[in-house]
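Some notes on the structure that comes next.
Protein chains: 2
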Amino acid sequence: MSISNLAQELLITPRTIRYYEEMGLLTPFHHEKMSQRLYGPRERARLTLVLRGKRLGFTLAEIKEMIDLYDIDRTEGLQLERTVAYGEKKLQELEEKIQELILLKGELMDYHQQFTELLKKDEPPTNDNLDNR
Amino acid sequence: MSISNLAQELLITPRTIRYYEEMGLLTPFHHEKMSQRLYGPRERARLTLVLRGKRLGFTLAEIKEMIDLYDIDRTEGLQLERTVAYGEKKLQELEEKIQELILLKGELMDYHQQFTELLKKDEPPTNDNLDNR
DNA sequence: ACACCAGTTTACGTGAACGTCAACCCCTTT
DNA sequence: AAAGGGGTTGACGTTCACGTAAACTGGTGT
């Protein structure tokens, strides 16, 4: 798969993909004599992971750390213990983010509730209420 | 409460607080003849909200939109209907983010599991296992 | 052979979110 | 009165995550 095909599929630009490679987040095939980049399912999976991370507010550096956790090749030389410990820390952070999101959603829902009721008062029974009767 | 007190409490710099004001996210007391800024509980609440939003990957512009939803004064002139509709859209987005985070956490947990098992194999029973016996 | 298209490198530009520094108050403490 | 200790306003600098443009290369159809 070519770079612009992949870009089109994931709604980003080739530049973005090359940038991620430059940052060490992707490692596509630099075919013999480095003419073109080729992307397999592995790279696409990584890329979607990067994009997910971005949507959730992680920096590329943070995402790289997580990706390296996923990557057996890269963690090869490292101490497994540390990797596992670091993974647990990351999982903890993710859990905290989930809780914060739930909190934020809760607050928004409260205000939403208030406004919805305000709307009921301001706009007393219209025809809409009688439509499906 | 002064600006640097507030900054210290929330682990940010005064500059950041002033910047948020410049962006329309905060509106502290500009005391008579504008000598100094004073922050009450309302502004502190807003600020924590901003920081929460930032941690979750929202831009300041997006956060401002949400804050304006919260703010009765600011939504005064607007059509309540639109405000409510927009609020529902935002709630939807939050829910999607929560789901994505859960997804990401799930993936990380899978890999974590694999690595933990690898570690069990590589490091067969040590003294640690006998310690609390 | 030539045009054309897609991909590549290089390099400078850009917007968001602040950091940093200078110069200037204002109040208080000595 | 002089010296500090915040606070305030510019204004320029900086980092991250790309955008954009230029110049080049490599295969492909005609």
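Going down the list, the sequences are from chains A and B. In terms of this note's numbering, the first sequence opens at residue 1 and continues consecutively. In terms of this note's numbering, the second sequence opens at residue 134 and continues consecutively. In this text, a Cβ means the ideal position worked out from N, Cα and C, and glycines have one as well.
- Residues of chain A with a Cβ closer than 7 Å to the Cβ of B/L213 are, in chain order, F115, L118, L119 and D122.
- By DSSP's assignment, A/L38 forms a beta bridge with A/F29.
- Comparing alpha carbon positions, the residue from A/Y111, A/L38 and A/P14 closest to A/S2 is A/L38.
- A/G24 sits in coil when the DSSP states are folded into three classes, being neither helix nor strand.
- Judged by DSSP secondary structure, A/E9 falls within the alpha helix (DSSP H) whose first and last residues are I3 to L10.
- The beta carbon of B/Q212 sits closer than 8 Å to none of the beta carbons in its chain outside the five residues before and after it.
- Residues of the stretch 227-241 of chain B with a Cβ closer than 8 Å to any Cβ of chain A, in chain order: L227, E228, K230, I231, E233, L234, I235, L236, L237, K238, E240 and L241.
- Scanning A/E22, A/L25, A/I17 and A/R52 for the CA closest to the CA of B/K238 turns up A/R52.
- About 13 Å separates the CB atoms of A/R44 and A/L11; that is not less than 8 Å, and the two are not in contact.
- With the criterion set as a beta carbon lying under 9 Å from some beta carbon of chain B, the members of the stretch 52-64 of chain A are R52, G53, K54, R55, L56, G57 and F58, in sequence order.
- Look at the stretch 180-256 of chain B and you find these whole runs of alpha helix (DSSP H), each 4 residues long or longer: 193-203, 205-208 and 213-255.
- Pairwise C-beta distances place the stretch 87-101 of chain A in contact with the stretch 231-245 of chain B, as three or more of them are shorter than 8 Å.
- Secondary structure of A/T16 (DSSP, three-state): helix.
- The beta carbon of A/K120 is closer than 7 Å to none in its chain, skipping five residues each way along the sequence.
- Pairing B/L158 with B/I205 gives a Cβ-Cβ distance that is not under 8 Å.
- Of the candidates B/H245, B/Q246 and B/K187, the residue whose Cα lies closest to the Cα of B/T149 is B/K187.
- Judged by beta-carbon spacing, A/V50 lies within the 8 Å limit of A/I63, meaning their Cβ atoms are closer than that value.
- By the CB criterion at 8 Å, A/L101 and B/I231 fall inside the cutoff.
- Under the criterion of beta carbons closer than 8 Å, B/L189 and A/G57 qualify as touching, at roughly 5 Å.
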